[in-house]
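Asks: Numbering that gives the first Met the number 0 puts the first residue of the sequence shown at 0, with every later residue one more than the last. Even for Gly, the Cβ is constructed at its ideal location relative to N, Cα and C. Dropping a structure here in structure tokens format, bear with me for questions.
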Amino acid sequence: MLARIEEILATLVAFPTVSARSNLALIDWVEAVLQGAGFTVTRIAAQDAPKAGLLARFGAGEGGTLFSAHTDVVPVEGQRWSVEPFALTRRGDRLHGRGTTDMKGFIACVLALAETLRAAPPAHPVMIALSWDEELGCRGIPQMIDRVIPTLGRPDLCIVGEPTSMRLGLGHKGKASYRATCHGEAGHSAMAPRFTNALHLAADLIGALRAEQARLLREGAQDAAYDVPCSTVHAGLLHGGVALNIVPDEAEVDFEIRHLAAESAGQILSRITAGLPAGIEIAQTGAYPGLDTDPAVPAIARFAALLPAAAPVKVSYGTEAGFFAALGLPTVVCGPGTMDDGHQPDESIARSELALCAGVLARMTRGGV
Numbered sequence: 000m001l002a003r004i005e006e007i008l009a010t011l012v013a014f015p016t017v018s019a020r021s022n023l024a025l026i027d028w029v030e031a032v033l034q035g036a037g038f039t040v041t042r043i044a045a046q047d048a049p050k051a052g053l054l055a056r057f058g059a060g061e062g063g064t065l066f067s068a069h070t071d072v073v074p075v076e077g078q079r080w081s082v083e084p085f086a087l088t089r090r091g092d093r094l095h096g097r098g099t100t101d102m103k104g105f106i107a108c109v110l111a112l113a114e115t116l117r118a119a120p121p122a123h124p125v126m127i128a129l130s131w132d133e134e135l136g137c138r139g140i141p142q143m144i145d146r147v148i149p150t151l152g153r154p155d156l157c158i159v160g161e162p163t164s165m166r167l168g169l170g171h172k173g174k175a176s177y178r179a180t181c182h183g184e185a186g187h188s189a190m191a192p193r194f195t196n197a198l199h200l201a202a203d204l205i206g207a208l209r210a211e212q213a214r215l216l217r218e219g220a221q222d223a224a225y226d227v228p229c230s231t232v233h234a235g236l237l238h239g240g241v242a243l244n245i246v247p248d249e250a251e252v253d254f255e256i257r258h259l260a261a262e263s264a265g266q267i268l269s270r271i272t273a274g275l276p277a278g279i280e281i282a283q284t285g286a287y288p289g290l291d292t293d294p295a296v297p298a299i300a301r302f303a304a305l306l307p308a309a310a311p312v313k314v315s316y317g318t319e320a321g322f323f324a325a326l327g328l329p330t331v332v333c334g335p336g337t338m339d340d341g342h343q344p345d346e347s348i349a350r351s352e353l354a355l356c357a358g359v360l361a362r363m364t365r366g367g368v
């Protein structure tokens with residue numbers, strides 16, 4: 000099967016599905032593969048872009064396993080690649096190309112498995128969900144999630160195949176992103192004290208963010224399973240001003256909150272904004288829920304028994320898993336490769352990782368997890 004996985008991965012990588020571009024050519028190809036393998040496939044068009052996702056199912060009966068992945072990849076501009084990003088290049092045991100790790104390698108394993116199911120029908124249904132624009136803050140899956148159970152049924156287990164080196168991922172923080180627009184008054188800088196400086200308002204906000212981060216480190220909820228054990232706040236972009244001798248009348252600050260399951264973004268935001276001056280408007284620009292899965296769920300315990308490393312992990316990055324968990328589906332993050340290789344120039348995945356993933360998925364479907 001590894002040769003077929005590599006062949007499929009080469010095709011997937013050749014589709015340049017950077018989030019700023021359409022993914023329709025890839026979806027067309029995957030849809031044809033799955034229909035040829037006997038799957039019932041439902042395409043879901045994006046509401047605001049030439050993109051789509053799909054939901055697919057093979058087999059009758061209750062339960063089963065849902066494999067979830069996103070089809071978009073991050074850009075390559077500004078990175079120094081020694082190979083063509085959108086062509087698969089093999090160097091020893093490693094396969095290079097944009098998306099090999101995040102997360103077309105997992106998709107290739109799932110599609111190769113899908114092609115075998117007619118000849119060896121699984122004990123329970125096998126389902127697939129492919130989305131778009133995950134790399135932009137999980138923008139595609141909210142348009143799909145309400146269709147999952149009506150279209151596919153209720154699986155016993157959902158596996159989001161982000162790279163974990165095939166370790167069982169039981170959790171990640173939720174995230175909310177915001178844009179603060181700070182409204183000041185334009186005026187000559189020689190008269191600066193007479194005007195409200197929008198950049199000063201932005202500085203007040205950033206000061207509040209830093210104070211809240213200090214409070215979270217000191218007395219916020221803690222989870223030692225994460226590299227940073229508390230919720231975090233972060234200002235990533237600041238824009239404002241047109242000339243040094245003009246008091247700026249507007250400034251923008253883009254910031255985010257990554258929160259543990261024990262805290263909500265709303266609670267943290269309320270503390271941040273409590274003492275801010277007038278003139279700052281804050282709008283949410285994106286959000287995705289966190290994940291905190293109970294490993295004692297029977298389907299998860301059975302799946303964990305198939306993995307080479309029994310100890311579960313919590314991952315530092317966000318995924319679409321929380322959307323599936325919010326449906327009441329037992330959901331984990333588990334896939335080949337490591338995020339240390341994702342988003343990097345010369346992104347790559349080990350062929351041995353793909354073989355390991357393929358073996359686990361095959362045992363799952365035969366064993367009826």
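Rounded to whole angstroms, what is the Cα-Cα separation between Asn196 and Gln78?
Replies: 37 Å
Asks: How would you call Val227, buried or exposed, if buried means at least 16 neighbouring beta carbons within 10 angstroms?
Replies: exposed
Asks: Which residues in the same chain as Ala286 place their Cβ atom closer than 6 Å to its Cβ, once the five residues preceding and following it in sequence are excluded?
Replies: Correct list, in chain order: Ala175.
Asks: Measure the alpha-carbon distance for Ala357 versus His182 and round it to whole angstroms.
Replies: 55 Å
Asks: Assuming Leu11 is part of the alpha helix (DSSP H), what are its boundary residues?
Replies: DSSP places Leu11 inside the alpha helix (DSSP H), whose first and last residues are 1-13.
Asks: Can you have a look at Gln283 and say buried or exposed, based on whether 16 or more other CB atoms are within 10 angstroms of its CB?
Replies: In the assembly as shown, Gln283 is an exposed residue. Its beta-carbon has fewer than 16 other beta-carbons within 10 Å.
Asks: What beta strand (DSSP E) runs, 3 residues minimum, are completely inside the stretch 40-69?
Replies: You should have 51-57, 64-69.
Asks: Whose CA, out of Val82, Leu33, Gly91, Gly139, lies closest to the CA of Thr70?
Replies: Gly139
Asks: Look at the alpha carbon of Arg90 and the alpha carbon of Leu208, and state the distance between them as a whole number of angstroms.
Replies: 45 Å
Asks: For a quick check, are the C-beta atoms of Gly98 and Val72 less than 7 Å apart?
Replies: yes
Asks: Can you name the residues that DSSP bridges to Asp253?
Replies: Partner residues in the beta bridge of Asp253, as assigned by DSSP, are Arg178, Leu236.
Asks: Using DSSP with H/G/I as helix, E/B as strand and the rest coil, what is Arg138?
Replies: Of the three classes helix, strand and coil, the one that applies to Arg138 here is coil, per DSSP.
Asks: If you count every other CB in all the chains shown that lies within 10 Å of the CB of Gln46, and 16 or more means buried, which is it?
Replies: exposed
Asks: Whose C-beta lies closer than 6 Å to the C-beta of Asp222 among residues of the same chain, with five residues either side of it excluded?
Replies: Pro228, Leu259
Asks: Expressed to the nearest angstrom, what Euclidean distance is found between the alpha-carbon atoms of Ile43 and Ala51?
Replies: 5 Å
Asks: Where do the ends of the beta strand (DSSP E) carrying Ser347 lie?
Replies: Note, Ser347: beta strand (DSSP E), 347-349.
Asks: Inspect the beta-carbon positions of Ile256 and Ala179 and report whether they are closer than 7 Å.
Replies: In this structure, Ala179 does not lie closer than 7 Å to Ile256 by Cβ.
Asks: Straight-line CA distance for Ala250 to Ala234?
Replies: 13 Å
Asks: Take Val332 as the anchor and find which of Pro162, His199, Ser347 has the nearest alpha-carbon.
Replies: The shortest Cα separation from Val332 among Pro162, His199, Ser347 belongs to Pro162.
Asks: Residues bridged to Gln283 by DSSP?
Replies: Tyr177
Asks: Applying the criterion that 16 or more other CB atoms from any shown protein chain within 10 Å of the CB defines a buried residue, is Leu236 buried or exposed?
Replies: exposed
Asks: Out of curiosity, what's the CA-to-CA distance linking Gly160 and Ala191?
Replies: 54 Å
Asks: Can you round the beta-carbon distance between Ala298 and Asp155 to whole angstroms, since I take them to be within the 8 Å contact cut?
Replies: 4 Å
Asks: In whole angstroms, give me the CA-to-CA distance for Asp132 and Ala68.
Replies: 11 Å
Asks: Just to check my reading of the structure: Ala107 and Leu23 have Cβ atoms closer than 8 Å, yes? What is that Cβ distance to the nearest angstrom?
Replies: About 19 Å; that fails the 8 Å criterion.
Asks: Tell me which residue opens and which closes the alpha helix (DSSP H) that His199 is part of.
Replies: 197-218
Asks: In terms of alpha-carbon separation, which member of Ser18, Gly334, Val82 lies closest to Phe105?
Replies: The shortest C-alpha separation from Phe105 is found at Gly334.
Asks: For Pro149, count neighbouring C-beta atoms within 10 Å of its own C-beta (all shown protein chains included) and say buried if the count is 16 or more, exposed if not.
Replies: exposed
Asks: Candidates Val246, Met102, Glu30, Asp27: which alpha carbon is nearest Ala185's?
Replies: Checking every option, the nearest Cα to that of Ala185 belongs to Val246.
Asks: Rank Cys137, Gly274, Ile348 by C-alpha distance to the C-alpha of Asp203 and give the top, closest one.
Replies: Gly274
Asks: For Val75, report the span of its alpha helix (DSSP H) as first-last.
Replies: Run containing Val75: none; DSSP gives neither H nor E here.
Asks: Assuming Leu259 is part of the alpha helix (DSSP H), what are its boundary residues?
Replies: Counting along the chain, Leu259 falls outside any alpha helix (DSSP H), and DSSP gives it neither H nor E.
Asks: Who are the near neighbours of Thr16 in its chain, counting only those whose CB is closer than 6 Å to its CB and skipping five residues on each side?
Replies: Asn22, Leu25, Thr70, Asp71, Val72
Asks: Distance, Cα to Cα, Leu129 vs Gly206?
Replies: 40 Å
Asks: Can you pull the DSSP bridge partners for Ala128?
Replies: Leu54, Ser67
Asks: What residues match up with Ile245 in a beta bridge as DSSP calls it?
Replies: His187
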